Amino acid sequence: MTGNTIDFGRLSGQGRKGRRSILATAALAMVLSTSTVALAQDANFDPDASIVIGSLYEPQNLDNTAGAGQGINEAFNGNVYEALFTLTDAGDVAPGLVAEQTISEDGLTYTFKLRPNVTFHSGDPLTAQDVKHSIERVVAPDSKSSRKKSLATISEIQTPDDQTVVVKLSARSISLPYNLSYVWIVNDAAKDLNASEDGTGPYRLDEWRRGSSLALTRNDKYWGTAPTNGEVVFQYFTDATALNNALLTGAVDVITSVQSPDSIAQFKDNPDFTVTAGQSTTKELLAFNDRVEPFNNVKVRKAIARAIDDKKLLQSIWGEYGTLIGSFVPPTDPWYVDLTGVDAYDVESAKALLKEAGFADGFSFKLDTPNYDPHPIVAQFLQSELAKVGIKVEINIITANEWYTKVYKAHDFQATLQEHVNHRDIVFYGNPDFYWGYNNPKVVDLIKESEAAANTDEQAAKLTEANRIIAEDAASNWLYLYPQIVVSSSAVTGYPVNGLNSQFFAYNIKKSGN
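What the sequence shown shows, in mature numbering (1 follows the signal peptide of the UniProt record, and there is no 0), is residues -40 to -1, 1 to 474, in sequence order.
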């Protein structure tokens, strides 16, 4: 086969060590103020330490093709399961289980050579058949993977030998390596992945206590560089106050993402703790069901956007932190443009649009709201803002599991609040079957064309145009971009600082032996 071949082993030098150096560099840049302390701790860390990570996001199950929620990505991605490619904490696509990639001249055939001597936690060797099986799970009819649509161009997967995977495409897909970073490689022979696992990562599942914690233990037969700790426990909380108190009392070592600026003051000037600010991809979203009245009317959606003072909302939730974005695209994406001026706050304009849409006296709707912070507070703010233009909001508090079943799966809702964590997820607006039901043929075409692009500049131009259309359509209301603030005990270093896709790599975390 002719084409472009990349030997990732030569590029990265030492497999995962190469990837970790990227993460370490990013982390160092973000935490210069604590570098001297960190160096001292790194020289005196406990290689068998138990790291307790506090989180608000317990997974619904353990299978990321079955709607497990962001919690499973946080705990399992890169820790328990690995993919052919990985998205680093810095946002780069790096080699994972693939050692070599060859792309045909027409861009329709990708050949991957797997890393040698990789085994699953069960002891079975990694083979090309496992990779084929894993990709097919993601694109299967019953899959709930958010990247299912993005991999629809795969027409055939061949396994000529145990170390070679050949992926045939029906159309060019410039984002294929990126999209494959969402495909966890699982053992073809594994059973009941909703409650168990069989991955290749540096940790194996020890115990999942539903409603409480998820414990991972070091995989001593891991193919790459061993973790710098012996065990990781994700401890789950239902409210941010309890989580913060757990860190203050030493019950947890690190909080993956602080949910309120009020929480930061108690840690910021305390030498016992480290506060680190990174980059986030998490958007607070008021999502309409664009299939149903009145949200199938673009004037109604634009009126709601103009009736909400996003700046006031962000300040009330996050104070000096966070970012207004005006679209679904955060500044870390290559196709970001500042669209905060589209449907900017203007109450009188909102009233005029409602009148044009036939709702001069307003209307009422139910807002399905997840029961964890900050959604209930955001819902109350929206209720107050929209009342000023005659719109009555009925707040319906639901659990994360109910949200998945009712909103995401059944599309049984009028409007909802949700935080969307994924990186480069504008493509979801090109899928009319996605839960919010947005369907603009021009956007669908632009997103398809972006995948067929010959280079990244062409791809970015297509997606920038699509993003402008989506914003002008007020397909949803993008309230703000979360800040990414990690707080830890000063005895702990090496954790990821950015909030890309809600992943939280644990294998570099070190805890002082003192």
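Every residue, glycine too, gets a C-beta built ideally from N, C-alpha and C.
Predicted model only: the values in this text are computed from it and were never measured.
Residue pairing of PHE233 in beta bridges, as defined by DSSP: SER449. Around SER94, the same chain offers VAL143, ILE145 and VAL146 as residues with beta carbons nearer than 6 Å, after the five sequence neighbours per side are excluded. Put simply, of PHE45, GLN226, TRP278 and VAL302 the residue whose alpha carbon is nearest the alpha carbon of GLY286 is VAL302.
Per the coordinates, the alpha-carbon of ALA370 lies some 10 Å from the alpha-carbon of GLU362.
Counting only runs of 3+ residues, the beta strand (DSSP E) found wholly inside the stretch 207 to 268 occupies 233 to 238 and 243 to 248, in chain order.
The C-beta distance from ASN461 to THR241 rounds to 7 Å, short enough to fall under 8 Å. Looking only at THR209, ILE13, ASP232 and ASN(-37), the smallest Cα-Cα distance to PHE464 is reached by ILE13.
Inter-segment contact for the stretch 395 to 413 and the stretch 168 to 184 is absent: fewer than three beta-carbon pairs are separated by less than 8 Å. Beta bridge pairing from DSSP links SER276 with no other residue. TRP438 places its beta carbon 7 Å or farther from that of ALA247. For LEU441, the enclosing beta strand (DSSP E) starts and ends at 437 to 441. Look at ILE134 here: in three-state DSSP terms it is coil, with no helix or strand label.
The beta carbon of ASN257 sits closer than 6 Å to the beta carbons of ALA317 from its chain, once the five residues preceding and following it are set aside; these are given in chain order. Spatial neighbours of SER173 in its own chain (CB-CB distance under 7 Å, excluding positions within 5 residues in sequence) are listed in chain order as VAL193, PHE194, GLN195 and TYR196. If you draw a straight line from the Cα of TYR440 to the Cα of GLY83, it is about 45 Å long. Excluding sequence positions up to five before and after LEU203, its CB lies within less than 7 Å of the CB of GLY14, LEU16, PHE197 and ILE215, all in the same chain and listed in chain order. An exposed status is given to ASN(-37), since fewer than 16 other beta-carbon atoms sit within 10 Å of its beta-carbon. Spatial neighbours of ARG384 in its own chain (CB-CB distance under 6 Å, excluding positions within 5 residues in sequence) are listed in chain order as ASP293. Here the alpha carbons of PRO7 and ASN468 stand approximately 11 Å from one another. Per the coordinates, the alpha-carbon of LYS422 lies some 11 Å from the alpha-carbon of VAL387. Inter-segment contact for the stretch 327 to 334 and the stretch 372 to 380 is present: three or more beta-carbon pairs are separated by less than 8 Å. Within the stretch 327 to 397, complete alpha helix (DSSP H) segments of at least 4 residues are found at 335 to 347 and 360 to 363, given in chain order. Judged by DSSP in its simplified three-state form, SER103 adopts coil rather than helix or strand. In the assembly as shown, ASP199 is an exposed residue. Its beta-carbon has fewer than 16 other beta-carbons within 10 Å. Between PHE45 and GLY56, the C-beta gap is smaller than 7 Å, which places the two residues in contact.
The beta-bridge partner set that DSSP reports for ALA175 consists of GLU167 and VAL193.
The three-state secondary structure of PHE325, taken from DSSP, is strand. Taking the C-beta atoms as reference points, SER130 is found no nearer than 7 Å to THR25. Under DSSP, THR119 shares a beta bridge with no residue. Rounded to the nearest angstrom, the gap between the Cα atoms of ALA412 and THR113 is 10 Å. Apart from the 5 residues on each side of it in sequence, GLY38 sits with its Cβ closer than 7 Å to the Cβ of THR46, GLY161, GLN463 and PHE465 in its chain, given in chain order.
When beta bridges are read from the DSSP output, GLY459 appears opposite SER240. Straight-line spacing of the CA atoms in SER115 and GLN123 works out to 20 Å.
If you draw a straight line from the Cα of VAL446 to the Cα of ASP229, it comes to about 15 Å. ASN189 sits buried, since 16 or more C-beta atoms from the chains shown fall within 10 Å of its C-beta. In the same chain as ALA206, and ignoring 5 residues on each side of it, the C-beta atoms closer than 6 Å to its own belong to GLY14 and VAL212, in chain order.
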